[in-house]
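Residues 1 to 581, numbered by the UniProt record's numbering, are exactly what the sequence shown covers, in order.
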Amino acid sequence: MLELMDDMALALSAARKKAGGTTAWADDPSSSLPFGSEHLFAAQANAFAAAIVSVQPSTSAIAPRQTGTSSASTALSSATGSRGSSPEGYAHPVSALVSSIPTLATVAVATRTPVAVVAATTPSKPSTTASFLPTWVSKVTTSSIARDLTAAFSTGTVSGTGLATMLTNLASTLTTTKSNLTSQQFADLKTIATNLSATATTSSYLSYVFGALVNGHSANATWTGGAASSVKLGNLAIGSTATQISRLTGKWLLGTDTPSSSVKVSNTTMTISYSIVSKPLFADSGPAMTDINQGALGDCYFLSSCASIANQNAALLKSMFTDNGNGTYGVRFYSNGKPQYVTVNTQLANGGYKFDYSSSSLWGQLAEKAWAQFQTGGVSTGNTSVNYGNSYSTIGNGGYVANALAALTGASTITEYYGNGSSWAAYTRNASLAYTGVKTGLSTASIQTSLIAALNAGYDVVLSSYTNAKDAQNKTTLVASHAMTIYGFNSATNMFKIYNPWGTGGASQSWRTTFEVSLSTLLAAKDVITVDNVSAATSSIASAATKLTSSIAGLTSSDSATSVLASLSSTSPRIELATAA
1 MLELMDDMAL ALSAARKKAG GTTAWADDPS SSLPFGSEHL FAAQANAFAA
51 AIVSVQPSTS AIAPRQTGTS SASTALSSAT GSRGSSPEGY AHPVSALVSS
101 IPTLATVAVA TRTPVAVVAA TTPSKPSTTA SFLPTWVSKV TTSSIARDLT
151 AAFSTGTVSG TGLATMLTNL ASTLTTTKSN LTSQQFADLK TIATNLSATA
201 TTSSYLSYVF GALVNGHSAN ATWTGGAASS VKLGNLAIGS TATQISRLTG
251 KWLLGTDTPS SSVKVSNTTM TISYSIVSKP LFADSGPAMT DINQGALGDC
301 YFLSSCASIA NQNAALLKSM FTDNGNGTYG VRFYSNGKPQ YVTVNTQLAN
351 GGYKFDYSSS SLWGQLAEKA WAQFQTGGVS TGNTSVNYGN SYSTIGNGGY
401 VANALAALTG ASTITEYYGN GSSWAAYTRN ASLAYTGVKT GLSTASIQTS
451 LIAALNAGYD VVLSSYTNAK DAQNKTTLVA SHAMTIYGFN SATNMFKIYN
501 PWGTGGASQS WRTTFEVSLS TLLAAKDVIT VDNVSAATSS IASAATKLTS
551 SIAGLTSSDS ATSVLASLSS TSPRIELATA A
């Protein structure tokens with residue numbers, strides 16, 4: 001029940017202001033917004049109902065609604081404002097926005113303790129580190145590897161740059177001697193990987209990436225390195241070549257396995273080039289929602305989630321990044337609630353002006369790049385119909401808000417609220433995005449109370465819009481098939497505050513960067529709101545969960561999962577591909 005948002009939004013995008021001028025990105029909404037057919041939706045509804053009844057929910061039972069293929073320039077010029085006018089394609093049913101506040105009988109609350117950005121240490125000379133070496137280092141018998149491993153330690157902590165140097169030197173030796181990796185060398189690397197993961201002073205990031213390099217990972221299947229297409233790579237093994245070792249080192253420790261230079265969004269193909277961008281990871285004031293300014297990709301589902309986290313839980317967002325001290329960063333995502341990492345360098349597409357952009361910080365652009373690289377190990381956007389591997393194309397043709405929030409926060413519970421025009425339904429999912437429950441017939445008043453509690457608790461709240469709207473000054477507010485951040489509530493107007501990830505495009509922009517909208521308006525438009533359950537403050541989470549439980553406890557529903565989903569299939573296909581704005 002998530003949204004594949006952004007297809008039409010990318011089609012509705014307006015000219016974006018970039019350094020040195022204004023660049024327009026357009027797309028045809030009539031060809032980029034795939035809706036699912038009713039009969040396929042009904043079949044999925046029955047499958048989901050069966051999963052709920054058997055208490056064995058499956059992520060394949062219902063295909064969520066996606067968002068993220070809409071770009072700011074075409075969207076505004078081509079939008080029809082009619083969901084039904086778009087051609088049918090995908091068979092994904094309606095998805096409700098993730099809610100961190102449980103609305104079902106069972107309340108699950110997750111608390112994460114944010115960790116500050118980790119700065120890598122500079123390796124010292126071997127003579128100064130000998131006294132700090134762990135005893136297991138003596139098990140490494142290849143002299144050159146042992147020497148470089150010793151140099152990689154500083155005050156008892158191994159550095160990523162030191163490990164990269166060790167592997168680079170190993171590859172150089174193999175090249176010089178015209179040989180391949182021996183069984184003893186491979187055994188030594190495995191010894192290092194095993195003991196790094198067991199060493200308390202080694203960061204989880206470094207343990208993960210070195211383990212993936214040595215012990216194997218699905219992302220090792222291919223190497224892209226910024227080329228137009230990928231080539232085969234493979235896991236490290238006895239007999240591995242110097243080239244393979246160099247590429248695996250680049251992928252996991254140096255961030256040189258950059259996404260493809262060929263990018264396809266809807267029916268448009270573009271070629272990008274990479275150059276180093278020198279900006280701080282975060283501005284002096286820290287990460288902010290306004291750092292997100294979506295470019296020519298249909299990844300509103302991801303960027304609106306990033307903007308929400310920056311606004312609600314800046315400490316958690318900061319903890320995503322590990323500064324390696326050499327112009328590279330480790331970036332953390334979650335899969336099935338467990339942390340996984342990729343490494344990125346600061347080479348950005350077209351100098352950082354093509355996709356997400358910020359004049360004051362790098363974090364949004366690096367997160368977007370890391371999200372593209374993360375897809376090498378398997379598509380995490382939810383939009384499995386688009387898979388270009390390590391490419392901005394994979395993340396830029398729409399995706400699901402729930403998938404993005406789960407990957408960014410590791411939430412144990414995500415709740416999707418969706419309106420059917422007269423009432424709301426709440427679907428809950430676990431860390432693996434399997435459906436765990438459904439509650440229907442919820443009133444707008446109760447949902448409003450829940451959303452306000454979520455915002456106050458520090459949870460992330462993201463809107464998936466399925467309608468177009470303009471204000472009295474003819475400025476675009478709501479955009480069909482587009483995900484936006486809900487960042488607050490105005491009690492004076494009884495409206496929620498919205499941030500459009502298109503950001504700021506200059507005085508001539510045709511959309512509102514921020515605006516307000518009532519929940520009744522979103523209900524009438526059959527929109528979806530997704531909430532996670534991750535907050536920086538444990539007490540706030542517990543308090544909000546208690547309030548939510550109380551507010552939902554009095555609500556009842558006699559609708560079965562089968563009847564609910566059947567009614568959805570007869571009213572709206574609820575399958576949208578939201579594109580980049």
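From the three backbone atoms N, C-alpha and C, an ideal C-beta is built for every residue, glycine too. Quick caveat: nothing in here was measured; it's all calculated off a predicted structure.
Straight-line gap, residue i to residue j (C-alpha atoms, nearest Å)
| i | j | result |
| --- | --- | --- |
| R332 | Y341 | 5 angstroms |
| A237 | F186 | 7 angstroms |
| A483 | F515 | 14 angstroms |
| residue 605 | V263 | A question about residue 605 goes unanswered here, because the residues of the chain that appear run from 1 up to 581. |
| T268 | G239 | 42 angstroms |
| T168 | T249 | 7 angstroms |
| A171 | V137 | 20 angstroms |
| Y357 | G160 | 28 angstroms |
| K475 | S508 | 10 angstroms |
| N397 | V265 | 6 angstroms |
| T513 | G389 | 32 angstroms |
| H217 | L316 | 26 angstroms |
| L455 | K470 | 26 angstroms |
| F35 | R247 | The predicted position of F35 is uncertain, since its pLDDT is 30 and thus under 50; no value can be drawn from it. |
| I498 | L522 | 12 angstroms |
| T328 | Q473 | 45 angstroms |
| P501 | S204 | 31 angstroms |
| K178 | A457 | 60 angstroms |
| T202 | L196 | 6 angstroms |
| S308 | W363 | 14 angstroms |
Spatial neighbours of residue i in its chain, beta-carbon cut-off 6 angstroms, leaving aside the 5 residues before and after
| i | result |
| --- | --- |
| residue 631 | As shown, the chain starts at 1 and ends at 581. That puts residue 631 outside it, with no answer to give. |
| residue 583 | The question about residue 583 has no answer, for the chain in this structure spans 1 to 581. |
| L463 | M484, I486, I529 |
| G337 | G410, A431 |
| Y208 | Y341 |
| L206 | G160 |
Where residue i sits in the DSSP three-state scheme
| i | result |
| --- | --- |
| M484 | strand |
| Y301 | helix |
| residue 603 | Coverage of the chain is limited to positions 1 through 581, which leaves residue 603 absent and any answer about it impossible. |
| M320 | coil |
| N350 | helix |
| G89 | A caution first: G89 carries a pLDDT of 30, below 50, which makes its placement in the model too unreliable to give a value. |
| L189 | helix |
| residue 631 | The displayed coordinates of the chain run from 1 to 581. Any statement about residue 631 would go beyond what the structure contains. |
| V214 | helix |
| F282 | coil |
| K475 | coil |
| I447 | helix |
| T23 | Model confidence at T23 stands at a pLDDT of 31, short of 50, so the residue's coordinates are unreliable and nothing is read from them. |
| Y208 | helix |
| K526 | coil |
| T222 | strand |
| L366 | helix |
| S179 | coil |
| S308 | helix |
Cβ-based neighbour list, residue i, same chain, cut-off 7 angstroms, excluding 5 preceding and 5 following
| i | result |
| --- | --- |
| T436 | P57, T428, R429, N430 |
| D532 | V98, S100, L405, T409, A411, I414, Y459, D460 |
| residue 583 | Only positions 1 to 581 of the chain appear in the structure, and residue 583 is not among them; the question remains open. |
| M166 | I145, D148, L149, A152 |
| A43 | Residue confidence for A43 is low, a pLDDT of 43 falling below 50, so the modelled location carries little weight; the figure read from the coordinates is stated next. Nothing meets the Cβ criterion. |
| A242 | A171, L174, T175 |
Cross-strand partners of residue i (DSSP beta bridge)
| i | result |
| --- | --- |
| N195 | DSSP output for N195 lists no bridge partner at all. |
| N430 | T413 |
| G330 | T322, T343 |
| A425 | Y418 |
| G250 | The partner list for G250 (beta bridge, DSSP) is empty, contrary to what the question assumes. |
| G437 | T428 |
| K264 | T269 |
| H442 | Reading off the sequence, residue 442 comes out as Leu, not His. Answer is W424, bridged to L442. |
| S335 | K338 |
Neighbourhood of residue i by C-beta, 8 angstroms cutoff - its chain only, sequence neighbours within 5 removed
| i | result |
| --- | --- |
| K232 | A221, T222, W223 |
| V140 | A146, L149, D188, T191, I192 |
| A228 | S260, S261, S262, T271 |
| T122 | Reliability of the predicted coordinates at T122 is poor, the pLDDT of 45 falling under 50, and the value obtained from them is presented with this limitation in mind. Hits under 8 angstroms: S154, S159, T161, G325. |
| Q244 | L233, G234, L236 |
Proximity test, Cβ basis, 8 angstroms: residue i and chain D
| i | result |
| --- | --- |
| N490 | In the displayed structure, chain D is absent; only one protein chain is listed. |
Hey, which unbroken runs of the alpha helix (DSSP H) at 4 residues or more fall wholly within the region 379-422? 392-395, 401-409
Ignoring anything shorter than 4 residues or poking outside the region 483-523, list the alpha helix (DSSP H) runs there in chain order. none
Only counting runs of 4 or more residues, tell me where the alpha helix (DSSP H) segments fall wholly within the region 133-176, in order along the chain. 143-152
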